[in-house]
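Asker: Residue numbers (the numbering used here), protein chains in the order written: chain A, 1 to 278; chain B, 1001 to 1256. Before we start, here is the structure in question, set down as structure tokens.
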């Protein structure tokens, strides 16, 4: 009589005990490992020089205001660029999905655009747009390195985003299109109400991944002379003969990327939960 | 059998081939108002293709499709407009997974037929109530059972009072215990006077609701007639063989 009653309880107690033991083991091993690493690194012969050159707290602290100023510029560039990238990427993807012979030149043009700017190194694009265009001395041509840098980023990234969105559009099953058409929805409404919402939801993780990549590539506008976080670090580093400003600027970019990654996870989970897939 | 009024749907010499393989080899079919026409036949006989051609979801190679006397198969007319008058329900439901049951049902009335959101949703709620899903209006399709999803799909097709309802093997993807509910609903629609063309493998149900049964094989209508006659006294050998196969070897044509 007793085994059927007590067996499940025993099992649960055993599992709880085992889980506690696992936690304890993990904690202890982590502490020991950290201690060993600390001793090994800090007793290494070169460590004082490494610390002085890369982790100088005083220089890091003193360079922080200038770096934050620069980062603020990066964030503004990111905000403008990401909105433009999304809009242009979406338009390119939709143009490429147009059917019918009239649209052949448009389709060919978008394919050419995507192939070109996806293959073109961002640095070359930055030089061509940032130095090449002002060199033409055309009237009305902006000369601000910030504006031109943003244009170059948008040109390259919209090609990537267009391909991501197009993959999303093509991943929507033809039966969904058939259902929409059978209700009398035309091509435009089918795209807007049925295909795109599903496509965008499906590629959100990929889009946020491109967003994080764009976030750090915003630092490349420094090559055009814009005083962003990277340029500010370069200036600070040159005046102090120390690399700590670069480390601090790098950590600032990392700190910026972490929330984006968490937002991506959260967005994916929320979409799944809403549709009852969890 | 010939109705005094013009038929709702009239198919004339419909032909359709995929990459040279003939799927429909000249179909003629008339569907009178308030009639239920049931298409039976083996897999690959062209039932689904015929329904999709009628709904203009496939390009046809030859022939005519007349809806209330208008040739909707004319490539110069706007197919989107023609489809507004027909409702289609698919074997695998094809609900929009990013919309709630109510949004699925209210979409076409709101967007295609210009009803305002409040009216469309009120009508959607009525329809969900009618198909037995009153409490599920806020549910997403993936949280519903197959039978419930299919009933939402039927409500979606009914939402704009189509002249013609096309049902494509709507119970084939359902678990056996869920088939009954969906068929009962179709029976109610038929009794209420809907004009329906349906493809099905449910012979008992076909016999019960059909005004006309068409047996398709190899892309042609081999035989058609009133349900009672076609099931109990099929004229063609192929029809007899098919009925014997689907109703079980050794038994005579189904008793009902």
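The beta-carbon is built from N, C-alpha and C at its ideal position, and this holds for glycine as well.
How would you call residue 1110 of chain B, buried or exposed, if buried means at least 16 neighbouring beta carbons within 10 angstroms?
Answerer: Result: buried.
Asker: Kindly indicate if chain B contains any beta-carbon less than 9 angstroms away from that of residue 205 of chain A.
Answerer: Not closer than 9 angstroms to any Cβ of chain B, the Cβ of residue 205 of chain A fails to qualify, so no.
Asker: Using 9 angstroms as the limit for Cβ to Cβ distance, is residue 140 of chain A near chain B?
Answerer: Closer than 9 angstroms: no.
Asker: For the stretch 1079-1086 of chain B against the stretch 1151-1170 of chain B, are there 3 or more C-beta pairs whose distance is under 8 angstroms?
Answerer: Yes: at least three Cβ pairs fall under 8 angstroms.
Asker: How many Å lie between residue 1047 of chain B and residue 1169 of chain B at the Cα?
Answerer: Those two C-alpha atoms are separated by around 9 angstroms.
Asker: With three or more beta-carbon pairs closer than 8 angstroms as the criterion, would you say the stretch 67-87 of chain A touches the stretch 156-173 of chain A?
Answerer: The answer is yes - the stretch 156-173 of chain A touches the stretch 67-87 of chain A, with three or more Cβ pairs under 8 angstroms.
Asker: Among A:266, A:56, A:33 and A:195, whose alpha-carbon lies nearest the alpha-carbon of residue 240 of chain A?
Answerer: Nearest option by C-alpha distance: A:56.
Asker: How should residue 141 of chain A be labelled, buried or exposed, when 16 other C-beta atoms within 10 angstroms of its C-beta is the threshold for buried?
Answerer: Residue 141 of chain A should be labelled exposed.
Asker: If you follow the alpha helix (DSSP H) that residue 216 of chain A is in, where does it begin and where does it stop?
Answerer: Note, residue 216 of chain A: alpha helix (DSSP H), 196-217.
Asker: Quick test of the definition: if touching needs 3 or more C-beta pairs under 8 angstroms, does the stretch 166-174 of chain A touch the stretch 199-211 of chain A?
Answerer: Verdict: yes, contact present.
Asker: Name the chain A residues that come within less than 8 angstroms of residue 1111 of chain B, Cβ to Cβ?
Answerer: The answer, in chain order, is 185, 189 and 193.
Asker: Counting pairs of Cβ atoms below 8 angstroms between the stretch 1202-1216 of chain B and the stretch 1029-1046 of chain B, do you hit three or more?
Answerer: As far as the Cβ criterion goes, the stretch 1202-1216 of chain B touches the stretch 1029-1046 of chain B, which means the pair count is three or higher.
Asker: Can you find a C-beta in chain B that's less than 9 angstroms from the C-beta of residue 267 of chain A?
Answerer: It does not: the Cβ of residue 267 of chain A has no partner Cβ on chain B nearer than 9 angstroms.
Asker: With a threshold of 9 angstroms between beta-carbons, can residue 167 of chain A be considered close to chain B, or not?
Answerer: Not closer than 9 angstroms to any Cβ of chain B, the Cβ of residue 167 of chain A fails to qualify, so no.
Asker: Would the beta-carbon of residue 1065 of chain B fall within 9 angstroms of that of residue 1014 of chain B?
Answerer: Against a cut-off of 9 angstroms, the Cβ pair of residue 1014 of chain B and residue 1065 of chain B comes out as a contact.
Asker: In chain A, which residues lie less than 9 angstroms from residue 1092 of chain B when you measure between Cβ atoms?
Answerer: Ordered by position in chain A, the residues that pass the 9 angstroms Cβ test against residue 1092 of chain B are 175.
Asker: Roughly how many angstroms separate the alpha carbons of residue 222 of chain A and residue 110 of chain A, rounded to a whole number?
Answerer: Approximately 29 angstroms between the Cα atoms of the pair.
Asker: Got a sec, what are the start and stop residues for the alpha helix (DSSP H) residue 1175 of chain B sits in?
Answerer: That residue, residue 1175 of chain B, is in no alpha helix (DSSP H); it is neither H nor E in DSSP.
Asker: Nearest chain A C-beta to residue 1086 of chain B closer than 9 angstroms, yes or no?
Answerer: Closer than 9 angstroms to some Cβ of chain A, the Cβ of residue 1086 of chain B qualifies, so yes.
Asker: Going by CA-CA distance only, name the one from B:1127, B:1035, B:1073 and B:1149 that's closest to residue 1165 of chain B.
Answerer: Ranking B:1127, B:1035, B:1073 and B:1149 by Cα distance to residue 1165 of chain B puts B:1035 first.
Asker: Determine, for residue 1002 of chain B, whether the minimum Cβ-Cβ distance to residues of chain A falls below 9 angstroms.
Answerer: For residue 1002 of chain B, the predicted model reports a pLDDT of 49, less than 50, meaning its position is unreliable; a value from the coordinates is still stated below. No - not a single Cβ of chain A is within 9 angstroms of the one on residue 1002 of chain B.
Asker: In chain order, what residues of the same chain lie with their CB nearer than 7 angstroms to the CB of residue 93 of chain A, ignoring the 5 residues before and after it?
Answerer: Answer for residue 93 of chain A: 162, 165, 166 and 169, listed in chain order.
Asker: Determine contact between the stretch 244-254 of chain A and the stretch 59-73 of chain A, defined as no fewer than three beta-carbon pairs at a distance below 8 angstroms.
Answerer: Yes, the stretch 244-254 of chain A is in contact with the stretch 59-73 of chain A.
Asker: Taking contact to mean at least 3 C-beta pairs separated by less than 8 angstroms, is the stretch 1095-1103 of chain B in contact with the stretch 1168-1188 of chain B?
Answerer: Short answer: they don't touch.
Asker: Assuming residue 150 of chain A and residue 81 of chain A are in contact, meaning their beta carbons sit under 8 angstroms apart, how far apart are those beta carbons, in whole angstroms?
Answerer: About 5 angstroms; that satisfies the 8 angstroms criterion.
Asker: Around the C-beta of residue 44 of chain A, are 16 or more other C-beta atoms found within 10 angstroms, so that it is buried, or is it exposed?
Answerer: Classification of residue 44 of chain A: exposed, given that the 10 Å Cβ count is below 16.
Asker: Does the Cβ of residue 1175 of chain B have 16 or more other Cβ atoms within 10 Å, making it buried, or fewer, making it exposed?
Answerer: It is exposed - the Cβ of residue 1175 of chain B has fewer than 16 other Cβ atoms within 10 Å.
Asker: Cutting at 8 angstroms between CB atoms, please list the residues of its own chain near residue 1203 of chain B, excluding the five before and the five after it.
Answerer: So the list reads 1040, 1231, 1243, 1246, 1247 and 1254, once near-sequence residues are dropped.
Asker: At 7 angstroms on the CB atoms, spell out the chain A contacts of residue 1158 of chain B, in chain order.
Answerer: By Cβ distance, chain A contributes nothing, its closest Cβ being about 11 angstroms from residue 1158 of chain B, past 7 angstroms.
Asker: Answer yes or no: does any C-beta atom of chain A fall closer than 9 angstroms to that of residue 1080 of chain B?
Answerer: Yes, residue 1080 of chain B lies at the interface with chain A (some Cβ there is under 9 angstroms from its Cβ).
Asker: Skipping 5 residues on each side, what residues in its chain have a beta carbon closer than 6 angstroms to that of residue 1071 of chain B?
Answerer: Within the same chain, residue 1071 of chain B has close Cβ partners 1064.
Asker: 9 angstroms is my cut-off, CB to CB: does residue 232 of chain A come that close to chain B?
Answerer: So, not an interface residue.
Asker: Cutting at 7 angstroms between CB atoms, please list the residues of its own chain near residue 1190 of chain B, excluding the five before and the five after it.
Answerer: Counting only Cβ-Cβ distances below 7 angstroms, and skipping sequence neighbours, we find 1036, 1196 and 1209.
Asker: Beta-carbon of residue 1255 of chain B versus every beta-carbon of chain A: anything under 9 angstroms?
Answerer: Any reading at residue 1255 of chain B is ruled out, since the residue's pLDDT is 42, under 50, leaving its predicted position unreliable.
Asker: Would you list the residues sitting across from residue 1064 of chain B in a DSSP beta bridge?
Answerer: Residue 1064 of chain B pairs with B:1012.
Asker: Residues of chain B with CB under 7 angstroms from residue 181 of chain A, in chain order?
Answerer: Chain B residues near residue 181 of chain A: 1057 and 1083.
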